[in-house]
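**Q** Take the position in the sequence shown, starting the count at 1, then add 4; the result is the number in my numbering.
For glycine and all other residues, C-beta sits at the position ideal for the given N, C-alpha and C.
Only a predicted model underlies this, so the values are computations on that prediction, with no experimental measurement involved.
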Amino acid sequence: MNRVKCTISYDGTNFQGYQVQPNKRTVQGEIERVLEKMHKGEEVRIHASGRTDALVHAVGQVIHFDTTISMESRNWQKALNAMLPEDISVREVEIVDSTFHSRFSCIGKEYRYRVYIGEVRDPLKRFYTYHYPYSLNLEAIQQACQYLLGTHDFTSFCSAKTEIEDRVRTIEEFQVDQVEDELIFRIKGNGFLYNMVRIIVGTMLDVGAGRFNPEEIPVILGAKDRTRAGKTAPASGLYLWKVYYK
Numbered sequence: 005m006n007r008v009k010c011t012i013s014y015d016g017t018n019f020q021g022y023q024v025q026p027n028k029r030t031v032q033g034e035i036e037r038v039l040e041k042m043h044k045g046e047e048v049r050i051h052a053s054g055r056t057d058a059l060v061h062a063v064g065q066v067i068h069f070d071t072t073i074s075m076e077s078r079n080w081q082k083a084l085n086a087m088l089p090e091d092i093s094v095r096e097v098e099i100v101d102s103t104f105h106s107r108f109s110c111i112g113k114e115y116r117y118r119v120y121i122g123e124v125r126d127p128l129k130r131f132y133t134y135h136y137p138y139s140l141n142l143e144a145i146q147q148a149c150q151y152l153l154g155t156h157d158f159t160s161f162c163s164a165k166t167e168i169e170d171r172v173r174t175i176e177e178f179q180v181d182q183v184e185d186e187l188i189f190r191i192k193g194n195g196f197l198y199n200m201v202r203i204i205v206g207t208m209l210d211v212g213a214g215r216f217n218p219e220e221i222p223v224i225l226g227a228k229d230r231t232r233a234g235k236t237a238p239a240s241g242l243y244l245w246k247v248y249y250k
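Written out as structure tokens, the structure reads:
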């Protein structure tokens with residue numbers, strides 16, 4: 005058996021998330037459908053670094069699968085891209101050792117979130133950004149971001165539906181920059197809880213709007229209470245940007 009690692013990008017607009025679901029279009033379902041054709045009807049299960057929700061995009065999601073087919077990396081990339089739908093692309097393929105696992109070998113991830121701050125909505129950005137046409141204090145947001153750096157219990161910043169008991173995570177980098185008419189949030193850490201990035205962004209926007217002071221962020225963290233943080237930002241502005249391995 006050969007283990008194949010793929011770095012993939014996808015436009016999440018028309019997917020019900022990454023993970024396969026009955027009677028729903030998913031990223032995993034589309035890729036496994038193609039692999040089944042390539043393996044002449046044999047089921048091939050793929051494994052990802054993690055799931056993404058409906059409408060969430062990916063620039064550098066990583067998957068792997070095991071196969072009896074021997075083929076060079078470049079040929080795998082060509083074959084998969086020739087058969088996959090246009091909203092999924094295989095950016096890179098590598099033949100890896102059997103000890104590699106896209107999820108369990110992962111040591112960190114980077115997400116980015118795009119907020120469109122133009123006064124008038126842009127139809128061409130509606131599936132790829134969160135339109136927030138209200139006045140924001142960027143300096144206050146940047147100050148608040150610093151309080152989330154380091155290792156903390158992020159219970160206040162994850163969905164109430166989160167089943168994982170250990171909610172301690174480390175954020176290594178977190179910054180927000182204005183690029184023309186967008187705010188780009190960039191956050192890198194060793195792992196993320198369900199809806200964690202979207203709740204953090206929603207809270208940062210509340211800081212920018214004056215509903216929270218930057219100094220309140222440590223208090224919200226310490227409360228370990230989801231109701232203390234801001235709203236969950238929409239899925240369409242979120243991108244899984246890069247997955248890190250040793």
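#1: Alpha carbons only, please: which of L128, H51, D181 and I73 is nearest the one belonging to R107?
#2: Where does the unbroken alpha helix (DSSP H) through A144 begin, and where does it stop?
#3: Please confirm if the segment 241-249 is in contact with the segment 111-123, defined as three or more CB-CB distances below 8 Å between the two stretches.
#4: Suppose contacts are defined by Cβ-Cβ distances below 8 Å. Is V66 in contact with W80 by that definition?
#5: Ends of the beta strand (DSSP E) at I252?
#6: Thinking C-beta only, is V201 closer than 8 Å to I191?
#7: Tell me, please, which residues DSSP counts as bridged to A52.
#8: Taking C-alpha atoms, which residue in R173, A144, G234 and Q20 lies nearest to H61?
#9: Taking CB distances under 8 Å as the criterion, tell me whether A83 reaches chain D.
#10: Please name the residue in S160, T103 and M42 whose C-alpha comes closest to that of L225.
**A** Considering the structure as presented:
#1: When each option's Cα is compared against that of R107, the closest is H51.
#2: Note, A144: alpha helix (DSSP H), L142 to Q150.
#3: Between the segment 241-249 and the segment 111-123, the count of Cβ pairs shorter than 8 Å is three or higher; the stretches touch.
#4: Against a cut-off of 8 Å, the Cβ pair of W80 and V66 comes out as no contact.
#5: The structure shown does not extend to residue 252, since the chain spans only 5 to 250, so no value can be given for it.
#6: Yes. Within cutoff.
#7: Answer is I67, bridged to A52.
#8: Minimum Cα distance to H61 is reached at Q20.
#9: Checking the listed chains, one finds no chain D in this structure; it contains a single protein chain.
#10: With distances taken between Cα atoms, L225 lies closest to S160.
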